[in-house]
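K.L.:
Numbering (my numbering), first residue to last: 11 to 477.
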Ligand SMILES: [Zn+2]
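Now the structure itself:
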């Protein structure tokens, strides 16, 4: 009895006290079944996808500036000690996003819309807070899509091979639609509660790094006013629709700032005006390989193909293939496979091995896409293939035509990991394009080549490029 009284006596004064003094809103790091290591691994793999689909600007001065601001925020306790890094993407829509574990991307459009360094810092702090508070990781855990995501990321070849009647399995359907990261609702769309937490944590982060925290909500509200709302977004389409407004951002951040230690906000690199000029001078984005091999949105494909063939109309080319085969990426951002049933198998390290069928992608030469040259780039590509596969033997390339373009055809032989009939013939077709060396590897087990040869010829004959 006396113990109960004691407990009661302890609670009352505390409750009375909390009524008198307003308390600062608590911001929580979300609990999730995903480990920090898994989170970082996911982020890394999605970063690979982003950088194959979008053009990262390699400008040392802009990169240095962005990382200078970002790293000063990353050092604050609110950043939760993730290994953040910051890259600029050539895209004029107003957007920025951070991936689980710390990779962060800022669109040129965002820097063009910002009027001060503090505004840029505000967006970084908000996005970094989604990482620090483990919002994506928690959503993945909650929706139990973690397995699916990891399967997709970790190359799930099974569904490409196991389905009946050439039907595409779940992973294949997802990747066929060309899931780009911006459309991934689990990773990129947050609840209003998470939004408010990211605003508050971001404002505290800014203050700790010496930036005026009120610039976080004022920039967001200015963007909504000048660019449209979440319901009717203009330039802000992606960002605002994935970061719903949570009432008055300015109001609740102002309330939070009352709890911060008194200080003057002096953080400033002094380079903002110069960076704005450099960003304005960046040439328009070049199409990226990851986008070019994806099916073109809304395109139904050609209907004048030979009987029994259907079309794969991609952003960078079109190719016909037997209608009983399947086309899809085994991983977002990965190569395109067009294969008959059983045409690919899963390797021990979780990758995909082509046994029979086609693999299509772009090879970007080491000196950059702009240096793509048919003979030299094909040689560089072949040398790389030989290094990775000691069984590979290549004949001298022959000059042919593919889609009305000069192409090289290289016949190769190698061995697959298939137990029966491991000997394989591969015809590699290469065409120099603005975004790199377009290539198709048409491969088959030697015993199947008499069937595959006419099919491969038909596929190559149907290739078309948009320009
Ligand atoms: Zn957000």
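For glycine and all other residues, C-beta sits at the position ideal for the given N, C-alpha and C.
For residue 439, list the residues DSSP reports as bridge partners.
P.N.:
Residue numbering aside, residue 439 sits at position 429 when the chain shown is read from its first letter. DSSP output for residue 439 lists 419, 450 as bridge partner(s).
K.L.:
Got a sec: does ligand 1 put a non-hydrogen atom nearer than 7 Å to the Cβ of residue 205?
P.N.:
Against the chain shown, residue 205 aligns to sequence position 195. Residue 205 Cβ: within cutoff of ligand 1.
K.L.:
Are the segment 454-465 and the segment 384-395 in contact at 8 Å, needing three or more beta carbon pairs?
P.N.:
No contact exists between the segment 454-465 and the segment 384-395.
K.L.:
By alpha-carbon positions, which one of 79, 37, 345 ends up nearest to residue 127?
P.N.:
The count along the chain shown starts at 1 and reaches residue 127 at position 117. The shortest C-alpha separation from residue 127 is found at 79.
K.L.:
CB residue 203 to CB residue 110, shorter than 8 Å?
P.N.:
Counting from 1 along the chain shown, the entry for residue 203 is found at position 193. Counting from 1 along the chain shown, the entry for residue 110 is found at position 100. The answer is no: Cβ separation not under 8 Å.
K.L.:
Find out if the Cβ-Cβ distance for the pair residue 283, residue 88 is shorter than 8 Å.
P.N.:
Sequence index remark: in the chain shown, residue 283 carries index 273 (1-based). Sequence index remark: in the chain shown, residue 88 carries index 78 (1-based). Result no, Cβ atoms of residue 283 and residue 88 do not sit closer than 8 Å.
K.L.:
Going by the beta-carbon positions, is the gap between residue 445 and residue 302 smaller than 8 Å?
P.N.:
In the chain shown, counting from the first residue as 1, residue 445 sits at position 435. In the chain shown, counting from the first residue as 1, residue 302 sits at position 292. Yes, these two residues count as a Cβ contact at 8 Å.
K.L.:
Could you check if residue 105 is buried or exposed, using at least 16 other CB atoms within 10 Å of its CB as the buried criterion?
P.N.:
On the chain shown, position 95 is the one that residue 105 refers to. The residue is buried, with at least 16 neighbouring Cβ atoms inside 10 Å.
K.L.:
Confirm, please, whether the CB-CB distance from residue 311 to residue 332 is below 8 Å.
P.N.:
As a first step, residue 332 is located in the chain shown; it is residue number 322 there, counting from the start. As a first step, residue 311 is located in the chain shown; it is residue number 301 there, counting from the start. No; because the gap between Cβ atoms is not below 8 Å, this pair is not in contact.
K.L.:
Quick check: is any heavy atom of ligand 1 less than 7 Å from the C-beta of residue 140?
P.N.:
If you number the chain shown from 1, residue 140 lands on position 130. Result yes, Cβ under 7 Å from ligand 1.
K.L.:
Just the C-alpha distance for residue 73 and residue 424, rounded to the nearest angstrom, thanks.
P.N.:
The count along the chain shown starts at 1 and reaches residue 73 at position 63. The count along the chain shown starts at 1 and reaches residue 424 at position 414. Distance between the alpha carbons of residue 73 and residue 424: 43 Å.
K.L.:
Which term fits residue 416, buried or exposed, when burial requires 16 or more other beta carbons within 10 angstroms of its beta carbon?
P.N.:
Mapped onto the chain shown, residue 416 falls at position 406. Exposed, by the Cβ-count rule.
K.L.:
Hey, would you say residue 112 sits closer than 8 Å to residue 101, going by beta carbons?
P.N.:
As a working note, residue 112 is residue 102 in the chain shown. As a working note, residue 101 is residue 91 in the chain shown. Going by C-beta atoms, residue 112 is not nearer than 8 Å to residue 101.
K.L.:
Are three or more beta carbon pairs between the segment 140-148 and the segment 35-54 nearer than 8 Å?
P.N.:
Short answer: they touch.
K.L.:
In chain order, what residues of the same chain have a beta carbon less than 8 Å from the beta carbon of residue 405, not counting five sequence neighbours either side?
P.N.:
As a working note, residue 405 is residue 395 in the chain shown. Closer than 8 Å at the Cβ level, and outside the excluded window around residue 405, lie 420, 421, 422.
K.L.:
Give me the Cα-Cα distance between residue 362 and residue 349, rounded to the nearest whole angstrom.
P.N.:
By one-based count along the chain shown, residue 362 stands at place 352. By one-based count along the chain shown, residue 349 stands at place 339. Going from the Cα of residue 362 to the Cα of residue 349 covers about 12 Å.
K.L.:
Which value, in whole angstroms, describes the spacing of the CA atoms of residue 215 and residue 267?
P.N.:
The residue you call residue 215 lines up with position 205 of the chain shown. The residue you call residue 267 lines up with position 257 of the chain shown. If you take the alpha carbons of residue 215 and residue 267, they lie about 11 Å apart.
K.L.:
Can you tell me whether residue 136 sits near ligand 1, meaning its C-beta is under 7 Å from at least one heavy atom of the ligand?
P.N.:
Here residue 136 refers to the residue found at position 126 when the chain shown is read from its first residue. Yes.
K.L.:
Any heavy atom of ligand 2 closer than 7 Å to the Cβ of residue 230?
P.N.:
Among the ligands in the structure shown, ligand 2 does not appear; only ligand 1 can be found there.
K.L.:
I need the boundaries of the alpha helix (DSSP H) containing residue 108, first residue and last residue.
P.N.:
Here residue 108 is taken as the residue at index 98 of the chain shown, counted from 1. Careful: residue 108 lies outside any alpha helix (DSSP H), inside the beta strand (DSSP E) at 106-108.
K.L.:
Please tell me whether residue 124 and residue 229 are closer than 8 Å, where the distance is taken between their beta carbons.
P.N.:
The count along the chain shown starts at 1 and reaches residue 124 at position 114. The count along the chain shown starts at 1 and reaches residue 229 at position 219. In contact: residue 124 and residue 229 (Cβ atoms closer than 8 Å).
K.L.:
So what does residue 129 bridge to, in DSSP terms?
P.N.:
As a first step, residue 129 must be located in the chain shown, where it is residue number 119. BP columns for residue 129 are empty, so no partner.
K.L.:
Contact defined as beta carbons within less than 8 Å: I believe residue 226 pairs with residue 207. What is the distance between those atoms, to the nearest angstrom?
P.N.:
Working through the chain shown from its first residue, we reach residue 226 at position 216. Working through the chain shown from its first residue, we reach residue 207 at position 197. Going by Cβ atoms, the distance from residue 226 to residue 207 rounds to 13 Å, so no, they are not a contact pair.
K.L.:
Alpha carbon to alpha carbon, how far is residue 291 from residue 95?
P.N.:
As a position in the chain shown, residue 291 is number 281, starting the count at 1. As a position in the chain shown, residue 95 is number 85, starting the count at 1. Each residue's alpha carbon lies about 23 Å from the other.
K.L.:
Does the separation of the CB atoms of residue 69 and residue 288 fall below 8 Å?
P.N.:
If you number the chain shown from 1, residue 69 lands on position 59. If you number the chain shown from 1, residue 288 lands on position 278. Contact flag set, yes.
K.L.:
Could you tell me which residues DSSP pairs with residue 95 in its beta bridges?
P.N.:
Position 85 of the chain shown holds residue 95. Answer is 113, bridged to residue 95.
K.L.:
Within the continuous beta strand (DSSP E) that includes residue 207, where are the two ends?
P.N.:
Sequence index remark: in the chain shown, residue 207 carries index 197 (1-based). It is not in any beta strand (DSSP E) - residue 207 instead sits in the alpha helix (DSSP H) that spans 202-219.
K.L.:
What separation, rounded to the nearest whole angstrom, lies between the Cα atoms of residue 463 and residue 370?
P.N.:
For the purposes of this step, residue 463 is taken as the residue at position 453 of the chain shown. For the purposes of this step, residue 370 is taken as the residue at position 360 of the chain shown. Answer to the nearest angstrom: the Cα atoms are 17 Å apart.
K.L.:
Taking the DSSP output, what are the residues bridged to residue 66?
P.N.:
To locate residue 66, count along the chain shown from 1; it is residue 56. In DSSP, residue 66 forms a bridge with 99.
K.L.:
Following a CB-centred definition, is residue 96 positioned closer than 7 Å to any heavy atom of ligand 1?
P.N.:
Indexing the chain shown from 1 puts residue 96 at position 86. Answer for residue 96: no, Cβ out of range of ligand 1.
K.L.:
Grab the span of the alpha helix (DSSP H) containing residue 299 for me, first residue to last.
P.N.:
Mapped onto the chain shown, residue 299 falls at position 289. From DSSP, the alpha helix (DSSP H) with residue 299 extends over 299-302.
K.L.:
Can you have a look at residue 460 and say buried or exposed, based on whether 16 or more other CB atoms are within 10 angstroms of its CB?
P.N.:
Here residue 460 refers to the residue found at position 450 when the chain shown is read from its first residue. Exposed is the call here.
K.L.:
Following the continuous beta strand (DSSP E) through residue 330, name the residue where it begins and the one where it ends.
P.N.:
Here residue 330 refers to the residue found at position 320 of the chain shown. Run containing residue 330: 328-332, per the beta strand (DSSP E) assignment.
K.L.:
The beta strand (DSSP E) that contains residue 322, what's its start and end?
P.N.:
Reading the chain shown from its first residue, position 312 is the one you call residue 322. It spans 319-323 - the beta strand (DSSP E) in which residue 322 sits, taken as one unbroken run.
K.L.:
Express the C-alpha separation of residue 428 and residue 294 in angstroms, rounding to a whole number.
P.N.:
Within the chain shown, the letter at position 284 stands for residue 294. Within the chain shown, the letter at position 418 stands for residue 428. In a straight line, the C-alpha of residue 294 is about 46 Å away from that of residue 428.
K.L.:
Under the criterion of a Cβ to heavy atom distance below 7 Å, does residue 208 qualify as lining ligand 1?
P.N.:
Numbered from its first residue, the chain shown carries residue 208 at position 198. Under cutoff, so the answer is yes.
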